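The structure appears below as structure tokens.
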Amino acid sequence: MIRLVISFFLIFQVANSANFTYPDFRQCYTKNKHSFVYFGDVRAVAVTKHLAVAYSQTKPKVPYVKFDPFLNLYLFSSKKTLKPVHLKSTKYLKLGEWIAGMDDTSLYAGNFAKSGDVLDSFYLQNAKLDENSIISCLCCEVYGLGIGAGSFIGSEYIKRFIKAKNIYYGDIGVRFEKHANDFIVKSVDPFYVNQLLNVNDKILKINGKKVTSLKQLNQTVLFAKPKSIIIIELLRGKNTLKRSLVVRSRMGGGYLSDSFLEKKGIFFDDDMKITKISKKSFAKKSGLHVGDKLIQIDKKKIMNQNDVKEYLSSIKSKEVHLLFDRNDFQFFVKVEL
5 MIRLVISFFL
15 IFQVANSANF
25 TYPDFRQCYT
35 KNKHSFVYFG
45 DVRAVAVTKH
55 LAVAYSQTKP
65 KVPYVKFDPF
75 LNLYLFSSKK
85 TLKPVHLKST
95 KYLKLGEWIA
105 GMDDTSLYAG
115 NFAKSGDVLD
125 SFYLQNAKLD
135 ENSIISCLCC
145 EVYGLGIGAG
155 SFIGSEYIKR
165 FIKAKNIYYG
175 DIGVRFEKHA
185 NDFIVKSVDP
195 FYVNQLLNVN
205 DKILKINGKK
215 VTSLKQLNQT
225 VLFAKPKSII
235 IIELLRGKNT
245 LKRSLVVRSR
255 MGGGYLSDSF
265 LEKKGIFFDD
275 DMKITKISKK
285 SFAKKSGLHV
295 GDKLIQIDKK
305 KIMNQNDVKE
315 YLSSIKSKEV
325 HLLFDRNDFQ
335 FFVKVEL
């Protein structure tokens, strides 16, 4: 028997709850539940008549077409005809809109509460959103794929993953943030050759288009092909400048998280432990091991990857000293910038 769980959550006050009618997503559940398909023990979502996509932090035991190491997405092929969902662009998704997370056994409904910046990772207030659930609007079209912890990857990334022959993401050596109504450079990669942007530069236009959101700004960079050119119009102090930047391949870990130290062959998890060391890299030659934990740079304590990026962006020194912990043994590694 299929278990159908319906829960509703509000992020705003309802003046007269007695007269308020909760939206009914059951028709969307009925329409989309047949789009779930299993490949081994991995639940996937049909996106074409013969292709399905799934999020997984572990490698599936069955064959797959391709893998996105940044988003942990897998594409599967089926000889059997599938019933695909209809993907809808997240640009139509509005704060407060009723949306639902559903899988082949359950349904959770709530309000759209928050939009991600780098990825289309969204949050459904108090809802479960299991891995490989689908995120539906009231019209029953699908905004994205649930990845657990109340978040999901938007349809733009899924469509790009399906169509792309090669998995890549662009990088121009800076990370952005929104400050009040402005979009500024938050951090600058010190290993990026010929960097033309500075911390606190205010970004006005990208490729001739006015910047209206962090999602637009980041996706323009992330979806750009390596070796292509991105034109940035910016405000630095009182001067309006235009810069042409060469796109390089983005490096980093899950959800495109990074510390800028990937160019030295060092990849971290959320706890700042090394998860991977590139062959023939600085990290390999320096004797670093998987599991070593970065706890400090110079005199700056490090808690996460953003701490690393912000510190590396702020200093003018030509070298830094990384303090690692390995089974209670601590040691420094010098890195030239």
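Residue numbers (the numbering used here): 5 to 341. All residues carry an ideal CB built from backbone N, CA and C; glycine is no exception. None of the values given here were measured: they were computed from a predicted structure.
The Cβ atoms of residue 117 and residue 32 do not sit closer than 9 Å to each other.
Cβ-Cβ distances below 7 Å link residue 306 to 276, 298, 299, 300 and 312 in the same chain, with the five nearest sequence neighbours on each side left out; the list follows chain order.
Contact between the stretch 193-212 and the stretch 93-104 is not established, with fewer than three Cβ pairs separated by less than 8 Å.
In the three-state reduction of the DSSP assignment, residue 313 falls in the helix class.
The Cβ atoms of residue 224 and residue 234 sit closer than 9 Å to each other. Minimum Cα-Cα distance from residue 273 among the listed residues 262, 59 and 282 corresponds to 262. When Cβ pairs closer than 8 Å are counted between the two stretches, the stretch 179-191 is seen not to touch the stretch 246-258, the count staying below three. Cα atoms of residue 237 and residue 177: separation of roughly 16 Å, rounded to the nearest angstrom. Taken atom to atom, the span from the alpha-carbon of residue 58 to that of residue 86 is near 14 Å. If you compare the alpha carbons of 316, 72, 302 and 134 with that of residue 326, the shortest gap goes to 302. The continuous alpha helix (DSSP H) containing residue 162 extends over residues 159-167.
By the neighbour-count criterion, in which a residue is buried when 16 or more other Cβ atoms sit within 10 angstroms of its Cβ, residue 141 is buried. Residue 34 and residue 40 have their C-alpha atoms spaced approximately 12 Å apart. Put simply, of 145, 149, 144 and 143 the residue whose alpha carbon is nearest the alpha carbon of residue 134 is 149. DSSP, read as helix, strand or coil, puts residue 254 in coil. Distance from the CA of residue 62 to the CA of residue 106, rounded to the nearest whole angstrom, comes to 22 Å. Residue 277 has 297 as its beta-bridge partners, per DSSP. Here the C-alpha atom of residue 289 lies approximately 28 Å from the C-alpha atom of residue 230.
With respect to the 9 Å criterion, residue 174 and residue 252 are classified as neighbours on the basis of their beta carbons.
With respect to residue 82, residue 68 sits apart: the two C-beta atoms are not nearer than 9 Å.
Between the alpha carbons of residue 214 and residue 152 lies a gap of roughly 34 Å.
Residue 147 sits away from residue 219, with the two beta carbons spaced by 9 Å or more.
Residue 29 counts as buried, since no fewer than 16 other beta carbons sit within 10 angstroms of its beta carbon. For residue 221, the secondary structure class from DSSP, reduced to helix, strand or coil, is helix.
Separation of the CB atoms of residue 339 and residue 323 is rounded to 6 Å, and the pair is thereby assigned contact status at 8 Å. Per DSSP, reduced to three states, the secondary structure at residue 112 is strand. The three-state secondary structure of residue 228, taken from DSSP, is coil. Relative to residue 89, the option among 114, 65 and 56 whose CA is nearest is 56.
Nearest to residue 95 by C-alpha distance, out of 160, 138 and 47, is 160. Closest option to residue 189, judged by alpha-carbon separation, among 212, 240, 112 and 232: 240. In this structure, the straight-line span from the alpha carbon of residue 78 to that of residue 341 is close to 36 Å.
DSSP places residue 90 in the coil class of the three-state scheme, outside both helix and strand.
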